[in-house]
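First the structure, in the form of structure tokens, and then the observations on it.
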């Protein structure tokens, strides 16, 4: 076990930034702390680093309780969102700084910095000052600087926040490769769920200071612990229905609600890919007009408008769209293949309900 | 066909023209007049007038005391600015306002006040004189007065730079194992140095030109506590215009050279910035 938090709470005055959070990170893991801004994820990262002290609770690094250890003593590498490079030092000196503090011998310092410059594709730039480097280069210098003294843990705060979309994609892949090569326990903070899904081995999801769920990308996507997670990870259609005579209704849409009393309210959610569309208006139970098509690359997102005006988002592959001969303004029929009943916030979610009758599943499965 | 040069910032011609006119009227023409005045005498006469023993002593005091005062301001002004920016404490606003005090106070009043404070029977003098610290009518008095008038320059130039220091940079140093002291000397101080030098230059320039406060605290004894500007006034009182101008030109040339060197130093220390 590399890092462990036990019942950690952090208060800033009256505000509880982190509320009774416990989780652990395994040796060599690449972990994402995910959540909307103000969720407490950066505070958690800073508490691991020793830049903030927990109000209550304990932090362990490699089995050692580090609450009373200063930042300097924790042997962690920290990469700040704005990189926080030393402006008065060139790239070489920035990377060498931690080694000099730890009193490495001069030839060792040089060898280590050169090794990192090579690893981070920064050769030839060692004499440049931070203002002479591009955003991506600055970030690599910042990571190299954090890694130079061989820390037990690498912590990154919003590492991809400040670069443009294309470089962000490159950096994500590069971070995965780097982690693979160095195998140092890494925790990064992000507010971008796609980024967390793509890069991490496991993800911890925070909202308003609470830990909502922890799991692999697949787990949190397929088995969200609650409505917050379900809605935060990926897109979800959410409907609020009223129960009457064992059936929950919203406009045209009906869902079974056996055993529930009349007048009860029921919330259900379903992913856009669970909506199956046909250009044959008699193929499925519900009718709609295809309002708009959003092109997302391989996948398309379409917006369906029911006769009552209710809007539903669906997702399908380009091939299926073409095969069905779909176009904006076309009449279609659809069905909802899978859905789940949403519990109130904080409660555990019921498993997904599959609609078993009807045509076999075709393209678009599992996206 | 000649293409008209396009500039995204219009008005260069007008503003540059005004700049040259303004600088000429305010600075260049008076300076040129000063130099022209020296042409009325021969070079040997100029040299003789400018390098009398009394004049040399006055230069030494003016530049020596100004340097010491500017150094003191650079050092203690940095501490003052640091405290005012980095910490919260009761009375902070009052102390902040107090920093500007030397700007507003007529320098003659400052000189009189300081002279009275440090006189043998003054509030401070009655305690300091017995232990050998004479603040009035000594070169030390000149340094004290020059420190007083130059202080706001050092503090006010540094404050905005201190306010813009990124907290994360210090945290980054801490995560790499650096102590607070090490962080200050390796990272914060080098970042502040160019601005400290700017404040030093301003305080120094102000001190070289200072007159009002000094004449009251120094006693103006030739060879001992007489500053160069006072000597110039003396020459003018004697209707010795050429003598006054010779001193003024020397004062000006030395000041210019020193400011130029300080400027270069500032550029050198900020080589890592844009």
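Chains as they are written, first to last, in the working numbering: chain C, 1 to 367; chain Z, 368 to 641. Glycine residues also receive a C-beta, built at the ideal position from the N, C-alpha and C atoms.
If we call anything under 8 Å between Cβ atoms a contact, is residue i one with residue j?
i: residue 517 of chain Z; j: residue 568 of chain Z; result: no
i: residue 581 of chain Z; j: residue 599 of chain Z; result: no
i: residue 639 of chain Z; j: residue 19 of chain C; result: no
i: residue 330 of chain Z; j: residue 616 of chain Z; result: Residue 330 of chain Z lies beyond the range of chain Z shown here (368 to 641); nothing can be said about it.
i: residue 590 of chain Z; j: residue 453 of chain Z; result: no
i: residue 95 of chain C; j: residue 125 of chain C; result: no
i: residue 24 of chain C; j: residue 185 of chain C; result: no
i: residue 151 of chain C; j: residue 75 of chain C; result: yes
i: residue 433 of chain Z; j: residue 571 of chain Z; result: yes
i: residue 48 of chain C; j: residue 187 of chain C; result: yes
i: residue 269 of chain C; j: residue 221 of chain C; result: no
i: residue 165 of chain C; j: residue 32 of chain C; result: no
i: residue 290 of chain C; j: residue 330 of chain C; result: yes
i: residue 30 of chain C; j: residue 41 of chain C; result: no
i: residue 561 of chain Z; j: residue 633 of chain Z; result: yes
i: residue 239 of chain C; j: residue 260 of chain C; result: no
Does residue i come out as helix, strand or coil in the three-state DSSP assignment?
i: residue 339 of chain C; result: strand
i: residue 637 of chain Z; result: coil
i: residue 286 of chain C; result: strand
i: residue 80 of chain C; result: coil
i: residue 557 of chain Z; result: helix
i: residue 12 of chain C; result: strand
i: residue 456 of chain Z; result: coil
i: residue 133 of chain C; result: coil
i: residue 625 of chain Z; result: helix
i: residue 609 of chain Z; result: helix
i: residue 592 of chain Z; result: coil
i: residue 358 of chain C; result: Because residue 358 of chain C sits at a pLDDT of 47, beneath the cut-off of 50, its placement in the model cannot be relied upon, and the following sentence gives the value as read from the coordinates. Residue 358 of chain C falls in the coil class under three-state DSSP.
In or out: residue i buried (at least 16 other Cβ within 10 Å) or exposed?
i: residue 224 of chain C; result: buried
i: residue 121 of chain C; result: exposed
i: residue 389 of chain Z; result: exposed
i: residue 440 of chain Z; result: buried
i: residue 258 of chain C; result: exposed
i: residue 459 of chain Z; result: exposed
i: residue 157 of chain C; result: buried
i: residue 411 of chain Z; result: exposed
i: residue 274 of chain C; result: buried
i: residue 312 of chain Z; result: Past the edges of chain Z, shown from 368 to 641, lies residue 312 of chain Z, and the structure says nothing about it.
i: residue 399 of chain Z; result: exposed
i: residue 596 of chain Z; result: buried
When you compare each of the options to residue i by their alpha carbons, which one comes out closest?
i: residue 297 of chain C; options: C/317, C/159, C/342 and C/281; result: C/317
i: residue 233 of chain C; options: C/168, C/206 and C/257; result: C/206
i: residue 369 of chain C; options: C/5, C/265 and C/30; result: As displayed, chain C neither begins before 1 nor continues past 367, which places residue 369 of chain C out of reach and without an answer.
i: residue 172 of chain C; options: C/183, C/102 and C/159; result: C/159
i: residue 341 of chain C; options: C/187, C/241 and C/62; result: C/241
i: residue 138 of chain C; options: C/352, C/163 and C/194; result: C/163
i: residue 134 of chain C; options: C/291, C/82 and C/254; result: C/82
i: residue 77 of chain C; options: C/66, C/43, C/147 and C/219; result: C/147
i: residue 525 of chain Z; options: Z/632, Z/382 and Z/448; result: Z/448
i: residue 68 of chain C; options: C/157, C/51 and C/79; result: C/51
i: residue 324 of chain C; options: C/291, C/309, C/276 and C/287; result: C/276
i: residue 236 of chain C; options: C/352, C/328, C/127 and C/244; result: C/352
i: residue 149 of chain C; options: C/103, C/59, C/208 and C/7; result: C/103
i: residue 194 of chain C; options: C/70, C/218, C/73 and C/226; result: C/218
i: residue 622 of chain Z; options: Z/579, Z/381, Z/377 and Z/427; result: Z/427
Could you check if residue i belongs to the surroundings of the ligand NAP, using beta carbon to heavy atom distance under 7 Å?
i: residue 262 of chain C; result: Absent from the structure shown: the ligand NAP. Ligands present: none.
Would you report the Cα separation of residue i and residue j, rounded to the nearest angstrom?
i: residue 519 of chain Z; j: residue 55 of chain C; result: 42 Å
i: residue 445 of chain Z; j: residue 181 of chain C; result: 47 Å
i: residue 85 of chain C; j: residue 142 of chain C; result: 6 Å
i: residue 363 of chain C; j: residue 538 of chain Z; result: For residue 363 of chain C, the predicted model reports a pLDDT of 37, less than 50, meaning its position is unreliable and no value from the coordinates is stated.
i: residue 333 of chain C; j: residue 263 of chain C; result: 29 Å
i: residue 204 of chain C; j: residue 57 of chain C; result: 18 Å
i: residue 251 of chain C; j: residue 229 of chain C; result: 27 Å
i: residue 118 of chain C; j: residue 36 of chain C; result: 36 Å
i: residue 305 of chain C; j: residue 192 of chain C; result: 29 Å
i: residue 502 of chain Z; j: residue 512 of chain Z; result: 10 Å
i: residue 11 of chain C; j: residue 189 of chain C; result: 20 Å
i: residue 91 of chain C; j: residue 463 of chain Z; result: 38 Å
i: residue 394 of chain Z; j: residue 442 of chain Z; result: 31 Å
i: residue 468 of chain Z; j: residue 480 of chain Z; result: 13 Å
i: residue 613 of chain Z; j: residue 392 of chain Z; result: 22 Å
i: residue 256 of chain C; j: residue 247 of chain C; result: 5 Å
i: residue 540 of chain Z; j: residue 93 of chain C; result: 12 Å
i: residue 114 of chain C; j: residue 200 of chain C; result: 28 Å
Quiz item: Listed from N- to C-terminal order along the chain, which residues in the stretch 43-61 of chain C have their beta-carbon within a distance smaller than 9 Å of any beta-carbon of chain B?
Solution: Judged by its chain identifiers, the structure shown contains no chain B, and its protein chains are C and Z.
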